[in-house]
Structure formats: C-alpha cells, structure tokens
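A.B. asks:
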Amino acid sequence: MVVETHLSDLNLILRVKGPLEFKCLFDKTDAPNIEKVISQTFEGLSSDIKSDFCVFTLCDGLVVIWPNKDVHMSEDITPNTPCEELSQWIQTSEQESVSKRSLKKNQTKAKKCTTVINLGLMMEATRPRALQSVFARTVQTSHFVSTVLKMDCVICVRFGETIQDACLRLVEELSNQLNEMKRVTLLHLKGTSILIPEPFHFLLPQPHGLVTAVYPSGVPDSQLQTVRQTLHQKYDLADDTPFFRRANAYHFPNEPYRDGYLRNPHLSLTHPAFDNGKVYLVQGLYSYHHYMQDRIDDNGWGCAYRSLQTICSWFQQQGYVDRSVPSHKEIQQALVNVGDKQASFVGSRQWIGSIEVQMVLNELLGVTSKIMFVSQGSELASKGRELANHFTTEGTPIMIGGGVLAHTILGVAWSETTGEIRYLILDPHYTGAEDLQLITEKGWCGWKGPEFWDQTAYYNLCLPQRPKVI
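Just so we're aligned, residue 1 is where the sequence shown starts under UniProt numbering, counting upward by one.
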C-alpha cells in the first residue's frame with residue numbers, strides 16, 4: 001500500500017506524527033505463532049487508532065482533537081470548523097504575545113500558498129478496563145519484544161473541509177499505514193527479530209504528487225531495489241531516477257535541516273526576463289557550500305573544493321549515493337589514491353580545478369563527468385545551447401574554473417533566437433553566516449551576465465552526468 005496525495009491546486013496539508021508502543025509476548029517461537037501474535041498486535045493498534053482514546057494535538061498550539069468523538073474542542077473550535085482555521089492557533093516563540101486577531105490576518109495571507117499543519121498523535125493513558133479475577137499462575141519461558149512505531153501520515157485538504165471530516169480521513173490513513181507496516185514487518189521477519197517499519201514521503205512528478213511508502217529499518221536501499229522497481233512500475237516512472245530512495249524523501253517546508261546548510265537558495269530569486277528567453281535550472285536539492293564552513297579556514301584557496309562539495313550534496317540528496325559530502329582532506333586523499341597528487345598534498349592548501357573535480361567525483365561517487373573547454377571567457381556567451389541541454393537532460397550543478405577562481409553554475413536563461421544569456425551563479429567565495437536574504441541580496445547566489453567572466457581567461461567546466469539507476 002502506498003498513499004498518494006495530490007499537491008496540485010491544494011492549499012493545505014495536514015500531517016499527523018507520533019509514537020505507538022508495539023509490544024509482543026511470544027509464548028511459542030515457531031513461525032506461525034510469531035506471525036499470529038504480530039498480526040494481532042498490529043490489529044490491536046489499528047483498533048486503538050479508531051477508538052475514542054485516540055487524540056490529535058495541534059503542534060505549537062492549544063488545541064486537542066478527539067477524531068473519533070463528536071465533541072466540541074473549545075469555545076471557538078468545533079468539529080465543523082474549517083481546517084484552515086487551525087492555523088490561527090499555532091504560535092511560534094515570536095507570536096506568543098500576538099493576539100488572535102493578528103494571527104487571523106496572517107492566516108488570510110497564508111491562504112495563497114500551500115500550508116502544512118502538524119498534529120501530534122497520542123493515546124489517552126487512562127482507559128476503563130473490566131476487572132478480572134486471577135485463578136491460577138503458570139511459569140513458562142516467553143519472549144517479549146517492545147519497540148516504538150513512528151507513525152507519519154499526510155493528507156491534503158481544501159479550504160472549507162471540516163476538521164471532523166479531515167481527521168476521520170487521517171484516522172483511516174493511520175490504519176492503512178499500520179496495515180502496510182504489518183506487511184513489511186512480516187515480510188522481513190527473522191525469528192523473533194523484528195525490523196521496525198518506517199514511513200517515508202516522496203514527491204513524484206505530476207500527476208502523482210506526494211506518496212508514502214514504508215521501508216524496514218536497517219535494510220539499505222541497495223537491498224530494496226525490487227521494491228522500488230515495483231513502485232516505479234505502479235506510477236509509470238522512468239527507471240533512471242531514484243525517486244523512492246530514502247535520501248530523496250520529501251522535505252516539508254516547515255522542517256529545519258539539521259546540518260545547518262542552506263538548501264536551494266536560488267529558489268528565492270526572480271528569473272531574468274528577455275525576449276524569447278527560457279530558463280533552464282538545476283533539478284532537485286543541493287546544499288550551499290562556501291568558504292569558512294565546517295570550522296575550516298579555506299579563504300583564498302578552497303573555492304573549487306566548496307563547489308565540488310555542493311555537487312556531491314546534489315548526488316547525496318537525490319539518493320544516488322549514500323556517502324556524506326567529502327571533506328577537504330577526503331577530496332585530497334582521493335586525488336592521491338588515483339595517482340594525480342603526491343602524498344604531501346593531503347592537508348595542504350593547494351588549489352584544485354575542474355579536472356580534479358572530475359577525478360574525485362568518479363573516485364568517491366562513481367559519477368562520470370564531461371569537460372567543456374573554453375579558450376577565453378568571451379566564448380561562454382555562445383555556450384547557451386550546450387548549457388541548456390545539460391540542465392534539461394542531466395540537471396546537475398556545474399563546476400566552472402578559470403584563472404584562480406571557481407564557481408558553481410546552477411542554470412542559464414537563454415534565448416535561442418537572440419543568443420542573449422544569463423548565468424545562475426552560486427559563489428563559493430562567500431564567508432558569512434547562512435543568511436539567505438544577505439546571500440541573495442548581495443549576489444552570492446544570483447543571475448550574472450556574460451561580463452561576469454574574465455573575457456580573456458580560459459575556463460574548464462565540469463558537467464557531472466546523472467547515473468541511470470532506480
């Protein structure tokens with residue numbers, strides 16, 4: 001089972017997350033009994049989800065919802081209240097003293113775009129239980145398994161849909177997710193050892209939108225290729241893009257990235273406009289790597305390393321590779337390993353260029369690259385077709401090096417009729433904090449004209465190729 005949620009023409013996403021305790025007692029360890037107990041445990045959890053003891057709480061807000069009860073939640077919120085009004089009850093640390101009237105004004109503005117409302121899943125701790133007499137006590141060997149299932153369901157709702165109707169749909173999705181978790185658990189069962197099932201959301205090309213799949217924890221993506229192939233066939237997806245790898249899971253807009261790097265700063269920019277011009281951009285997510293990050297002072301020598309790190313982050317976050325973004329020393333060691341540099345190169349402050357970037361991508365990521373040679377910067381103005389074709393077919397960031405400088409090209413705006421061109425540049429020479437507004441306003445990530453390049457210097461461009469894998 002894969003839940004499909006269409007994002008087109010939708011305004012609001014409700015997401016419910018929370019832990020469910022999963023406890024099994026096996027008095028017999030034969031396979032049929034173990035499977036029976038596991039199935040019964042999942043069925044019991046599904047019954048709990050549909051019971052009156054299931055509770056949804058508004059994250060960062062003072063709203064409690066009993067989805068299976070027809071009760072008033074507060075003086076101002078009832079089961080028939082439209083879902084979008086929940087937003088006015090969400091308070092951040094900056095909003096704690098803001099009146100409800102001000103929050104309603106903010107909510108009116110927010111209706112123009114998709115909003116995520118987060119709910120927490122809880123179960124009432126006190127429940128009435130029938131008294132039972134104990135007539136005998138037996139002693140036997142048993143196996144007890146206890147873990148936590150991390151439930152995570154999303155639905156899309158349109159403005160005007162009531163809280164009651166939306167929450168009933170969430171209850172149904174939670175029950176469906178438990179059924180899928182049961183299937184995955186039984187499929188990967190080894191004795192009394194249980195692999196915890198985990199839900200992941202993936203944003204697919206239209207018309208599919210947002211879908212949810214469940215994978216067993218501890219099983220690497222390399223062992224789930226058959227599962228992904230089935231999903232690709234179900235959604236009629238090409239077999240050369242890893243849509244369903246864990247690293248490609250959808251990142252909700254209201255969730256911070258734990259590593260502290262900015263993602264896709266170019267998305268806040270306005271595209272240049274000129275006659276018959278088209279925009280060709282990097283596809284997918286990348287992290288902005290620049291001077292002075294990671295407690296490394298590479299100001300003046302590390303720009304190509306940082307551009308390479310941005311490229312590596314793209315392959316990581318699209319799910320093509322599992323490894324982390326390499327450090328400067330790991331990059332240098334890779335060049336030593338392939339025989340391009342001497343051992344003394346590791347730990348030095350020596351520059352690298354596009355040829356070295358090509359070598360490292362191949363050595364560490366198994367990624368091949370094409371090299372474009374430009375004898376002088378003035379020739380870059382005539383490379384619109386080649387660059388547009390790269391971003392259309394490969395969609396990867398491009399590293400460009402010339403003289404003593406390196407930059408990352410994230411896209412081009414190009415007119416086939418007039419030849420006019422602009423380059424979307426991500427500049428690794430930035431030394432400040434991760435301030436998106438400063439970075440875009442000062443042009444560290446911005447559109448540049450042909451005059452940006454040294455007209456007489458030669459340039460090498462490294463164009464990484466997208467692997468053809470599921």
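The beta-carbon is built from N, C-alpha and C at its ideal position, and this holds for glycine as well. Since we're looking at a predicted model, the values are computed, not measured.
#1: With a CB to CB cut of under 8 Å and the five nearest residues on each side skipped, what residues in its chain are close to Asp-435?
#2: Taking Glu-180 as the reference, give the member of Tyr-215, Ile-398 and Ile-352 with the closest Cα.
#3: Determine the closest residue to Ala-166 out of Cys-312, Ala-213, Leu-12 and Asp-60, with distance taken between C-alpha atoms.
#4: Does the segment 353-360 touch the segment 382-389, meaning 3 or more C-beta pairs lie closer than 8 Å?
#5: Roughly how many angstroms separate the alpha carbons of Ser-39 and Lys-190, rounded to a whole number?
#6: Please classify Ile-439 as buried or exposed, where buried requires at least 16 other C-beta atoms within 10 Å of its C-beta.
#7: Should Asn-248 be labelled buried (16 or more other beta-carbon atoms within 10 Å of its own) or exposed?
#8: Taking the alpha-carbon positions, what's the Lys-100 to Ile-163 distance?
#9: Sort out for me which residues DSSP pairs Ser-217 with in a bridge.
#10: Considering only their Cβ atoms, is the gap separating Phe-391 from Gly-411 smaller than 8 Å?
#11: With 16 as the cutoff for other CB atoms within 10 Å, does Ser-307 come out buried or exposed?
#12: Among residues of its own chain, excluding the 5 on either side of Gly-277, which ones have a beta-carbon nearer than 6 Å to its beta-carbon?
#13: Cutting at 7 Å between CB atoms, please list the residues of its own chain near Ser-102, excluding the five before and the five after it.
#14: Am I right that Leu-14 and Leu-119 are in contact with their C-beta atoms under 8 Å? What's the rounded C-beta distance?
#15: Per the DSSP calculation, Val-116 is bridged to which residue(s)?
#16: Which residues bound the alpha helix (DSSP H) around Ser-193?
#17: Quick test of the definition: if touching needs 3 or more C-beta pairs under 8 Å, does the segment 258-273 touch the segment 440-447?
#18: Report the option in Pro-464, Tyr-288, Gln-225 and Pro-207 whose CA atom is closest to the CA atom of Asp-259.
#19: Of the choices Val-154, Ile-296 and Val-227, whose alpha-carbon is the least far from that of His-188?
#20: Just reading off the beta strand (DSSP E) that Phe-373 is part of, what are its end residues?
#21: Grab me the residues of Asp-70's own chain with a C-beta within less than 8 Å of its C-beta, minus the 5 sequence neighbours each way, in chain order.
#22: For the segment 362-376 and the segment 331-351, state whether three or more C-beta atom pairs, one from each stretch, are separated by less than 8 Å.
#23: On a CA-only basis, which of Ile-409, Gly-401, Cys-303 and Gly-284 is nearest His-290? Give me that one, please.
#24: Within 8 Å (strictly less), CB to CB, does Asp-27 reach chain B?
#25: With a Cβ-Cβ cutoff of 8 Å, do Tyr-305 and Asp-298 count as a contact?
#26: Which residues mark the beginning and the end of the alpha helix (DSSP H) in which Phe-252 is found?
#27: As a quick exercise: from Val-184, Leu-149 and Ser-344, pick the residue whose alpha carbon is nearest that of Lys-329.
#28: I need the straight-line Cα distance from Ile-425 to Tyr-286, nearest angstrom please.
#29: Does the Cβ of Tyr-257 have 16 or more other Cβ atoms within 10 Å, making it buried, or fewer, making it exposed?
#30: Helix, strand or coil: which one does DSSP assign to Lys-234?
#31: Following the continuous alpha helix (DSSP H) through Leu-436, name the residue where it begins and the one where it ends.
#32: Can you tell me whether Ser-222 is buried or exposed? The criterion is at least 16 other CB atoms within 10 Å of its CB, across all chains shown.
#33: Going by CA-CA distance only, name the one from Gly-61, Pro-450, Arg-246 and Val-282 that's closest to Gly-377.
#34: Per DSSP, what are the beta-bridge partners of Cys-445 in this structure?
#35: Let's test the definition: count the other Cβ atoms within 10 Å of the Cβ of Gly-18 and tell me whether it reaches 16, buried, or not, exposed.
#36: Quick check: Gln-318 and Pro-397, are their CB atoms within less than 8 Å of each other?
C.D. replies: To lay it out plainly:
#1: Here residue 435 corresponds to residue number 435 of the sequence shown, with the count starting at 1. Excluding positions up to five away in sequence, the list is empty.
#2: The sequence position of residue 180 within the sequence shown is 180, counting from 1. Nearest option by C-alpha distance: Tyr-215.
#3: Taking the sequence shown and counting its residues from 1, the one referred to as residue 166 is at position 166. When each option's Cα is compared against that of Ala-166, the closest is Leu-12.
#4: They do not touch, by the three-pair rule.
#5: The sequence position of residue 39 within the sequence shown is 39, counting from 1. The sequence position of residue 190 within the sequence shown is 190, counting from 1. The straight-line gap from Cα to Cα measures roughly 15 Å.
#6: Walking along the sequence shown from the start, residue 439 turns up at place 439. Its Cβ being crowded by 16 or more others within 10 Å, Ile-439 is buried.
#7: As a first step, residue 248 must be located in the sequence shown, where it is residue number 248. The residue in question, Asn-248, is buried, as its Cβ has 16 or more Cβ neighbours within 10 Å.
#8: Residue numbering aside, residue 100 sits at position 100 when the sequence shown is read from its first letter. Residue numbering aside, residue 163 sits at position 163 when the sequence shown is read from its first letter. Because the pLDDT at Lys-100 is just 39, under 50, the model does not fix this residue reliably, and the value given afterwards should be weighed accordingly. Near 19 Å, if we compare the C-alpha coordinates of Ile-163 and Lys-100.
#9: Start at 1 with the first residue of the sequence shown, and residue 217 comes out as number 217. As DSSP reads the structure, Ser-217 sits in no beta bridge.
#10: Along the sequence shown, one-based indexing puts residue 411 at 411. Along the sequence shown, one-based indexing puts residue 391 at 391. Result yes, Cβ atoms of Gly-411 and Phe-391 sit closer than 8 Å.
#11: Position 307 of the sequence shown, counted from the start, is the residue given in the question as residue 307. With 16 or more other Cβ atoms within 10 Å, it is buried.
#12: Within the sequence shown, numbered from 1, the residue matching residue 277 stands at position 277. Taken in chain order, the residues that qualify are Ala-413 and Ser-415.
#13: For this step, residue 102 is matched to residue 102 along the sequence shown. Low per-residue confidence applies at Ser-102: pLDDT is 37, beneath 50, and the placement is therefore not dependable, though the value from the model is reported in the following sentence. Apart from sequence neighbours up to five positions away, no residue of its chain approaches Ser-102 with a beta-carbon distance below 7 Å.
#14: Translated into the one-based positions of the sequence shown, residue 14 becomes position 14. Translated into the one-based positions of the sequence shown, residue 119 becomes position 119. Correct: roughly 6 Å between the Cβ atoms.
#15: One-based indexing of the sequence shown puts residue 116 at position 116. Ile-13, per the DSSP bridge assignment.
#16: By 1-based counting over the sequence shown, the position of residue 193 is 193. Neither: Ser-193 is in no alpha helix (DSSP H) and is coded neither H nor E.
#17: Of all C-beta pairs linking the segment 258-273 to the segment 440-447, three or more are shorter than 8 Å, placing the two stretches in contact.
#18: Counting from one through the sequence shown, the residue named residue 259 turns up at place 259. Selected option, being the one with the closest Cα: Tyr-288.
#19: The sequence position of residue 188 within the sequence shown is 188, counting from 1. The shortest C-alpha separation from His-188 is found at Val-227.
#20: By 1-based counting over the sequence shown, the position of residue 373 is 373. Per DSSP, Phe-373 belongs to the beta strand (DSSP E) from 369-374.
#21: Along the sequence shown, read from residue 1 onward, the residue named residue 70 stands at position 70. Counting only Cβ-Cβ distances below 8 Å, and skipping sequence neighbours, we find Pro-79 and Gln-164.
#22: yes
#23: Stepping through the sequence shown from its first residue, residue 290 is reached at position 290. Of the candidates Ile-409, Gly-401, Cys-303 and Gly-284, the one whose C-alpha sits nearest the C-alpha of His-290 is Cys-303.
#24: Of the protein chains in this structure there is only one, and it is not chain B.
#25: Locating residue 305 in the sequence shown gives position 305, counting from the first residue. Locating residue 298 in the sequence shown gives position 298, counting from the first residue. Yes.
#26: Residue 252 sits at position 252 when you count from the first residue of the sequence shown. Note, Phe-252: premise wrong, no alpha helix (DSSP H); not H, not E.
#27: Position 329 of the sequence shown, counting from 1, holds the residue named residue 329. For Lys-329, the nearest C-alpha among the options comes from Ser-344.
#28: As a working note, residue 425 is residue 425 in the sequence shown. As a working note, residue 286 is residue 286 in the sequence shown. Answer to the nearest angstrom: the Cα atoms are 14 Å apart.
#29: Translated into positions along the sequence shown, residue 257 becomes position 257. Answer is exposed; the Cβ neighbour count stays below 16.
#30: On the sequence shown, position 234 is the one that residue 234 refers to. The answer is helix: DSSP assigns Lys-234 an H, G or I state.
#31: As a working note, residue 436 is residue 436 in the sequence shown. Unbroken alpha helix (DSSP H) run through Leu-436: 436-441.
#32: The sequence position of residue 222 within the sequence shown is 222, counting from 1. Classification of Ser-222: exposed, given that the 10 Å Cβ count is below 16.
#33: Taking the first residue of the sequence shown as 1, we reach residue 377 at position 377. Measuring from the Cα of Gly-377, the nearest candidate turns out to be Pro-450.
#34: Residue mapping note: residue 445 aligns to position 445 of the sequence shown, counting from 1. Looking at the DSSP assignment, Cys-445 forms a beta bridge with Leu-426.
#35: Here residue 18 refers to the residue found at position 18 of the sequence shown. It is buried - the Cβ of Gly-18 has at least 16 other Cβ atoms within 10 Å.
#36: Locating residue 318 in the sequence shown gives position 318, where the first residue counts as 1. Locating residue 397 in the sequence shown gives position 397, where the first residue counts as 1. Result no, Cβ atoms of Gln-318 and Pro-397 do not sit closer than 8 Å.
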